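Each remark here refers to the structure printed beneath this line.
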Amino acid sequence: MPVTNYFSIEELENGLPTKKKKKDDDGEESAFEAISENALRKKLEDDFPELVANFTQLVYIEKKNIIVPVLSAKKKGMVDCKETSASAEVSSCSKKKKIPFHILADFIVVAKDFSSKFGTEVHADIYLDRDTGTFMLDIPKQVVNPVLCSIDDDNAWLYVEKYGDRNLIKVMEIHSHHVMPAIPSPVDDANERSPILYAIVGRLDKFFPDLIVRTFNKETQKHFNINPSNVFENPVFDDYATYLSDISNVEVE
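Take the position in the sequence shown, starting the count at 1, then add 3; the result is the number in this note's numbering.
Here's what the structure looks like:
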């Protein structure tokens with residue numbers, strides 16, 4: 004999207020006007036300051052609400068003379084978490100395309116592997132390719148331990164190097180809680196504050212792990228839980244179930 008959709012040619016050349024007092028009288032004169040990264044981010048946020056302050060980085064690709072906004076994940080984990088349920092209400096689901104179940108299954112396999120082999124959590128991002136309509140799971144550079152995933156500060160640049168040519172939008176950040184419950188911690192609450200989807204997979208020691216999905220409402224400044232079935236496609240149990248049992252003796256009232 005051209006930057007001229009947000010700033011005029013004059014503003015791009017001269018900067019944004021500001022007001023400052025003259026030294027010799029009470030009047031005001033116009034001054035100009037260069038367009039800052041945050042000024043551009045604020046403009047972009049009007050069209051892309053997920054590009055919130057403190058979580059958005061603007062990466063300039065010199066060869067193409069373009070700026071790529073990147074919504075960056077931050078620390079996640081069960082650190083400092085108390086055994087309380089998330090203070091969130093159930094939200095009605097979005098009418099957007101659902102995430103295929105195999106994406107969730109892929110992450111659970113990875114999370115179970117890290118949990119069983121290393122005893123740690125792990126984080127991943129889910130993107131929608133707006134050109135193909137397909138979803139993809141990406142595991143960014145991070146440092147993990149039993150209670151925390153620390154995302155690398157350079158991930159915005161690494162993301163652009165990997166996917167700068169693709170028309171991707173982040174739809175979900177998902178992380179595991181090892182063998183602990185899928186209950187958002189204070190760290191999770193502090194770092195999940197964009198109106199995208201967030202998921203936590205917990206109790207990876209169970210045959211079927213726990214799962215919660217939520218989002219953040221910028222107006223109310225609260226998190227809202229969402230039924231996972233409204234976000235992910237149904238599990239493909241039909242591919243494995245034989246359904247050969249005799250059910251003729253079951254009467255439905």
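No residue lacks a Cβ here, since even glycine has one placed at the ideal position from N, Cα and C.
No experiment lies behind these values; they were computed from the predicted model shown.
* To do: Compute the distance between the beta-carbons of VAL146 and ASP155, then report whether it is under 9 Å.
  => For the pair VAL146 and ASP155, the CB atoms are nearer than the 9 Å cut-off.
* Asked: Going by Cα to Cα distance, which pick from GLY205, TYR162, LEU161, ILE199 is closest to SER118?
  -> For the residues GLY205, TYR162, LEU161, ILE199, the minimum Cα distance to SER118 belongs to GLY205.
* Asked: In chain order, what residues of the same chain have a beta carbon less than 7 Å from the beta carbon of ALA42, not counting five sequence neighbours either side?
  -> Within the same chain, LEU19 come within 7 Å of ALA42 by CB-CB distance, once the 5 residues on both sides are set aside.
* Asked: What are the boundary residues of the alpha helix (DSSP H) that includes GLU164?
  -> For GLU164, the enclosing alpha helix (DSSP H) has its first and last residue at 158-166.
* Can you tell which of THR59, ALA34, GLU36, ALA37 has the C-alpha that lies nearest to the C-alpha of LYS45? -> Measuring from the Cα of LYS45, the nearest candidate turns out to be THR59.
* Where ASN230 falls, given that 16 or more other Cβ within 10 Å makes a residue buried -> Classification of ASN230: exposed, given that the 10 Å Cβ count is below 16.
* Asked: Which one of GLN224, MET183, VAL239 has the shortest CA to CA distance from GLU195?
  -> The alpha carbon of GLU195 has as its nearest neighbour, out of GLN224, MET183, VAL239, the alpha carbon of GLN224.
* Asked: Should MET207 and ILE111 be called a contact, given that it needs their Cβ atoms to be closer than 9 Å?
  -> A quick correction: the sequence has Leu, not Met, at residue 207. Yes, they are a contact pair.
* To do: Pick out whichever of ASP249, LYS173, GLY167 has its Cα sitting closest to the Cα of TYR201.
  => Residue LYS173 is the option with its Cα nearest to TYR201.
* Is the beta carbon of HIS181 sitting closer than 9 Å to the one on VAL150? -> Against a cut-off of 9 Å, the Cβ pair of VAL150 and HIS181 comes out as a contact.
* Specify the secondary structure class of ARG196 as computed by DSSP and reduced to three states. => DSSP places ARG196 outside both helix and strand once states are collapsed to three, so it counts as coil.
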